[in-house]
Amino acid sequence: MPANPSQDEEPSATIATRSREFAKEFVARQIEEAAISLFAERGYENVTVADIADAIGVSRRTFFRYFASKDEVLRAHAIRLHARVLRALERRPPDEPAAVALCNAFLDTADVSAEERENMLRRNRVLRDHQGQAGWATMTPEMGAALVDRLAARMRVEAKTDLRPRLLVATIWAAADAATAHWVAAGDDEPLTITMRYAFDKVMSGLSALDSD
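Next up, the structure:
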């Protein structure tokens, strides 16, 4: 009689699915890294999809399985950062004031290794040179709505009738964006968290007023 599989063992189908997801993520990151390197070296406008595909030995068709355009590649890292801010916000203590929680969520996300810090600098320089933007750049409507909803829940107010959650998100996002743009322009080895914390400290007095009844 065959032994029963341990309850701790994962089904083979789950393992296979995770393996496929890992492989897809690996290829997507390869495409992204190759694209950013080429953008930094040649300039965004001088790089084609074919150039990016050739750099890692895949076809244009493979590229389009992962990204709809060059611009989507350029924005991929920002989208991941946005998701990390949301996750970081959800991990903040429930009794932490909304403004402080969102500032800390940005700081938690910006607290990266030296290697990732260099990658962030390089990506933001490409964004700055291509579109005159560096930093957290444009907040998507989906991202803005998600942050507003989470702050409203933390403040125990209705986002549709109370303006404060939206004001907090707009102000803190702008401070994080300005801090990151300044950090990119300075181009030194100082951690982004130092610059970002300075920016938050400068606006926190006004934010505290928004965060109270």
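Using the UniProt record's numbering, the first residue of the sequence shown is number 1, and each one after it goes up by one. Heads up, the beta-carbon is just placed ideally off N, CA and C, and yes, glycines get one too. Since we're looking at a predicted model, the values are computed, not measured.
Mapping the DSSP letters down to three states, classify residue i as helix, strand or coil.
i	result
G187	coil
S59	coil
K160	coil
R92	coil
P97	coil
G135	With a pLDDT of 48 at G135, under the threshold of 50, the predicted position of this residue should be treated as unreliable, and no value is reported.
S205	helix
D111	coil
T180	helix
V47	coil
T140	coil
Give me, in chain order, the residues of the same chain whose beta-carbon lies closer than 8 Å to that of residue i; leave out the 5 immediate sequence neighbours on both sides.
i	result
A146	L86
A134	In this prediction, A134 scores a pLDDT of 47, lower than 50, which makes its location untrustworthy; the coordinate-derived value is nonetheless stated afterwards. So the qualifying residues of the chain are N124, R125, L127, R128, T180, A181, V184, A185.
L38	V47, D51, I52, A55
T109	L81, R84, V85, A88
K24	Y66
Near residue i, which residues of its chain fall below 7 Å by C-beta distance, leaving aside the five closest residues on each side in sequence?
i	result
D111	T193
T195	A179, H182, W183
Q30	I56
R154	A98, A101
A175	A199, F200, V203
Roughly how far, in whole angstroms, is the beta-carbon of residue i from the beta-carbon of residue j, given that I think they are within contact range, below 8 Å?
i	j	result
A186	A199	Incorrect: roughly 13 Å between the Cβ atoms, too far for contact.
I52	F63	6 Å
A55	A34	4 Å
R117	P191	7 Å
Short of 6 Å in beta carbon distance, which residues of its chain neighbour residue i, apart from the five on each side in sequence? Order them along the chain.
i	result
A152	A159, P165
R123	I36, H77
K73	The sequence given here places Val at residue 73; Lys does not occur at that position. Cβ neighbours of V73 beyond the five flanking positions: E32, A35, F67.
R150	L89
H130	Y44
- Would you check if there are 3 or more beta carbon pairs closer than 8 Å linking the segment 81 to 98 to the segment 50 to 70? With the cut-off at 8 Å, the segment 81 to 98 and the segment 50 to 70 do not touch.
- Task: Check whether the segment 33 to 43 touches the segment 87 to 95, counting contact only when three or more Cβ pairs, one atom from each stretch, lie closer than 8 Å.
- Result: Touching, no.
- Query: Are the segment 51 to 62 and the segment 99 to 107 in contact at 8 Å, needing three or more beta carbon pairs?
  - Reply: A contact between stretches requires three or more CB pairs, one per stretch, nearer than 8 Å, and the segment 51 to 62 fails this requirement with the segment 99 to 107.
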